[in-house]
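Participant: Submitted below is the structure of interest, expressed as structure tokens.
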Amino acid sequence: MSRVVRDLSFTQADFDAFARLSGDDNPIHVDPDFSARTRFGKTVAHGALLCSVLRGLIEELAPGARQLRQSTMYPAPSPAGMPLRFEAETISQTPEKMTISLKVTRLDDGETTCVGETEIAR
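Just so you know, we're using our numbering here: the sequence shown kicks off at 4 and counts up by one.
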């Protein structure tokens with residue numbers, strides 16, 4: 004089995020830039036004052052931003068492969084400024100397809116913020 008790991012943190016500027024590019028300017032992602040009054044206490048990453056990093060890891064595992072499906076869930080938030088660990092690991096493969104597990108974990112407390120699976124054509 005193959006595994007790729009990348010640690011990184013997003014800044015508020017990263018969230019703002021992603022909001023501009025995606026058009027998703029939900030205040031939970033881009034408004035620190037609004038977010039401070041929510042149960043999260045600060046702005047949190049867009050799920051699509053997390054998936055973009057995970058897609059880069061998939062590309063490292065299988066360069067040029069075509070993604071067939073992906074399923075992700077977000078059990079906890081990924082706040083601005085918090086170190087995150089992104090992981091993609093091959094869990095099964097045939098000559099035609101590969102299944103890869105996906106995970107994002109907050110390094111400060113070990114909480115999983117994104118978990119899922121993708122299938123790619125080889």
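Where a beta carbon is used, it is the ideal one built from N, C-alpha and C, also for glycine. The structure presented is a predicted model; accordingly, all values stated were derived computationally and were not measured.
#1: Are the CB atoms of Ala68 and Phe13 nearer to each other than 8 Å?
#2: Touch check for the stretch 84 to 93 and the stretch 105 to 118: three-plus C-beta pairs under 8 Å?
#3: What did DSSP end up calling Leu87 once you bin it into helix, strand or coil?
#4: Would you report the Cα separation of Glu114 and Ala79, rounded to the nearest angstrom?
#5: Pro82: buried (16+ other C-beta within 10 angstroms of its C-beta) or exposed?
#6: Among Ala20, Leu52, Asp19, Asp10, which residue has its Cα nearest to the Cα of Tyr77?
#7: Looking at the structure shown, is Pro82 part of a helix, part of a strand, or coil, going by DSSP?
#8: For Val47, which residues does DSSP report across the bridge?
#9: Check for me: the beta strand (DSSP E) holding Ala124 runs from which residue to which?
#10: According to DSSP, simplified to helix, strand and coil, what is Leu64?
#11: Where do the N-terminal and C-terminal ends of the alpha helix (DSSP H) with Asp10 fall, by residue?
#12: How far does the alpha helix (DSSP H) with Leu24 in it reach, from first residue to last?
Facilitator: Working from what's here:
#1: In the sequence shown, the residue the question calls residue 68 occupies position 65. In the sequence shown, the residue the question calls residue 13 occupies position 10. No, Cβ-Cβ distance for Ala68 and Phe13 is not below 8 Å.
#2: yes
#3: Taking the first residue of the sequence shown as 1, we reach residue 87 at position 84. Correct three-state label for Leu87: strand.
#4: Looking up residue 114 in the sequence shown gives position 111. Looking up residue 79 in the sequence shown gives position 76. Cα-Cα distance, rounded: 7 Å.
#5: Mapped onto the sequence shown, residue 82 falls at position 79. By the neighbour-count rule (16 or more Cβ atoms within 10 Å), Pro82 is buried.
#6: In the sequence shown, residue 77 corresponds to position 74, counting from 1. Checking every option, the nearest Cα to that of Tyr77 belongs to Leu52.
#7: Numbered from 1 along the sequence shown, position 79 holds the residue referred to as residue 82. DSSP places Pro82 in strand when its eight states are reduced to three.
#8: Position 44 of the sequence shown holds residue 47. According to DSSP, Val47 bridges with Pro82.
#9: On the sequence shown, position 121 is the one that residue 124 refers to. Looking at the DSSP string, the run of the beta strand (DSSP E) that includes Ala124 is 115 to 124.
#10: For the purposes of this step, residue 64 is taken as the residue at position 61 of the sequence shown. Of the three classes helix, strand and coil, the one that applies to Leu64 here is helix, per DSSP.
#11: By 1-based counting over the sequence shown, the position of residue 10 is 7. Asp10 -> not in any alpha helix (DSSP H); beta strand (DSSP E) instead, spanning 6 to 11.
#12: Numbered from 1 along the sequence shown, position 21 holds the residue referred to as residue 24. Taken as a continuous stretch (DSSP letters only), the alpha helix (DSSP H) holding Leu24 covers 15 to 25.
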